[in-house]
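A.B. asks:
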Amino acid sequence: MSTTFQLDTATSRANPTPAPMKRLTVPAIRQRKKDGVTAEPVVMLTAYTARQAQLLDAHCDLLLVGDSLGQVIYGLPSSVPVTLDMMIAHGAAVVRGSYHAAVVVDMPFGTYEQSPEQAFASASRVLKETGCAAIKLEGGEAMAPTVAFLTQRGIPVMGHVGLTPQAVNVLGGYNARGRSEAEAAKIVGDAKALDKAGAFAVVIEGVVEPIAIAITQAVACPTIGIGASAQCDGQVLVTEDMLGMFERVPRFVKIYENIAEVISGAAAKYAEEVRARSFPGEEQTYQPRAPKA
Ligand code: KIV
584 MSTTFQLDTA TSRANPTPAP MKRLTVPAIR QRKKDGVTAE PVVMLTAYTA
634 RQAQLLDAHC DLLLVGDSLG QVIYGLPSSV PVTLDMMIAH GAAVVRGSYH
684 AAVVVDMPFG TYEQSPEQAF ASASRVLKET GCAAIKLEGG EAMAPTVAFL
734 TQRGIPVMGH VGLTPQAVNV LGGYNARGRS EAEAAKIVGD AKALDKAGAF
784 AVVIEGVVEP IAIAITQAVA CPTIGIGASA QCDGQVLVTE DMLGMFERVP
834 RFVKIYENIA EVISGAAAKY AEEVRARSFP GEEQTYQPRA PKA
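At position 191 of the sequence shown (counting the first as 1) the number is 774 in our numbering, and the numbers step up by one without a gap.
(1) Taking only beta-carbon positions, decide if residue 663 is within less than 8 Å of chain C.
(2) Taking only heavy atoms of the ligand KIV into account, decide whether any of them is closer than 7 Å to the Cβ of residue 629.
(3) In whole angstroms, what is the alpha-carbon distance linking residue 844 and residue 652?
(4) Judging by CA-CA distance, which residue of 606, 735, 714, 667 is the nearest neighbour of residue 699?
(5) Assuming the contact rule is C-beta atoms closer than 8 Å, residue 632 and residue 676 should be a hit. Round their C-beta distance to whole Å, please.
(6) So, at 6 Å on beta carbons, what are the nonlocal neighbours of residue 808 in its own chain, with the 5 sequence-adjacent residues on each side left out?
(7) Could you tell me the distance, in whole angstroms, from the CA atom of residue 658 to the CA atom of residue 875?
(8) From the DSSP secondary-structure annotation, give me the bridge partner or partners of residue 719.
(9) If I measure Cβ to Cβ from residue 703 and keep anything under 8 Å in the same chain, skipping five residues before and after, which residues do I get?
(10) How long is the line joining the alpha carbons of residue 715 and residue 857, rounded to whole angstroms?
(11) I'd like to confirm something about residue 649: is its beta-carbon nearer than 7 Å to some heavy atom of the ligand KIV, or not?
(12) Would you give the residue range spanned by the alpha helix (DSSP H) that residue 818 belongs to?
(13) Among 850, 623, 655, 725, which has the Cα closest to the Cα of residue 830?
(14) The ligand KIV heavy atoms versus the CB of residue 788: any closer than 7 Å?
(15) The beta strand (DSSP E) that contains residue 784, what's its start and end?
(16) Residue range of the beta strand (DSSP E) that residue 808 falls in?
(17) Tell me whether residue 718 counts as near the ligand KIV, meaning its Cβ is closer than 7 Å to at least one heavy atom of that ligand.
(18) Starting from residue 627, follow its DSSP beta bridges and name the residues at the other end.
(19) Tell me which residue opens and which closes the alpha helix (DSSP H) that residue 682 is part of.
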């Protein structure tokens, strides 16, 4: 097994570790796009827990431990209050639960923007304490020197432009970006700056489609769209959104299952059986062993 981080099946409820396999690397993802063409689109989903990672891993090239976990897992109003310790705890769980996809961990708000040195201190903690392959940070041109600083020091960086949720207090909401010519030009410039600085991929979130297409054609690294365009080099969604865990999701989410209904239905049945004293049944209870003859 060439993967460093392996499931310890003796002490967890994990599935047995599958056949030995090499984990996808950041350079392999970067090289998916050759001369502006990505023959095999990059598949990314968010994951926050070990079990979720186990279920998604075989299907994904990248697992993103997104700071969206603030809203999805912790019920926070935005990703702004998410801390580095939260990201590290969930990042380590996702690395433990996966063996195939490269794991990317989001840098939370306030842990990288001040200076490249602050970013390096935070990001190196993330890499050391989780075993992930790369970090993601939000912001365009202003973050380019930080992206160069990190990549030149051994930390692969995924960029994130367009609708950048950590900037919700500046943007004033989560609406699609780039409806004016000036804003569109700024977003394209942001992506180009990150690409030039050495980002191995760039997430494009919540922009009008022509911007996503223009960026995808303009940058050398793969673009990963969310609310962007099918012409991006890859796609990402928040897993809980595509599983139908929430009643309200952004327009760009396609719901592939209705897990909320499944969970709520199972809880209702369980509650009914507990109240009727029909659970636990014979199969779920232990009886004394017959005395040895
Ligand atoms: O935090 C997150 O989940 C993200 C994705 C939506 C790209 O940044």
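We treat Cβ as the ideally placed atom computed from N, Cα and C, and that holds for glycine.
C.D. replies: The answer reads as follows:
(1) The chain labelled as chain C is not found in the depicted structure, where only one protein chain is given.
(2) yes
(3) Their backbone Cα atoms lie some 21 Å apart in a straight line.
(4) 735
(5) 5 Å
(6) 787, 795, 815, 818
(7) 54 Å
(8) DSSP output for residue 719 lists 689, 741 as bridge partner(s).
(9) 732, 733, 736, 738
(10) Between residue 715 and residue 857, the C-alpha separation is close to 42 Å.
(11) yes
(12) Premise fails: residue 818 lies in the beta strand (DSSP E), 817-820, not in any alpha helix (DSSP H).
(13) 655
(14) With a cut-off of 7 Å, the C-beta of residue 788 is classified as near the ligand KIV, since at least one heavy atom of the ligand falls inside that distance.
(15) 784-788 is the span of the beta strand (DSSP E), which, as asked, contains residue 784.
(16) 806-809
(17) no
(18) 645, 819
(19) From DSSP, residue 682 is part of no alpha helix (DSSP H); its letter is neither H nor E.
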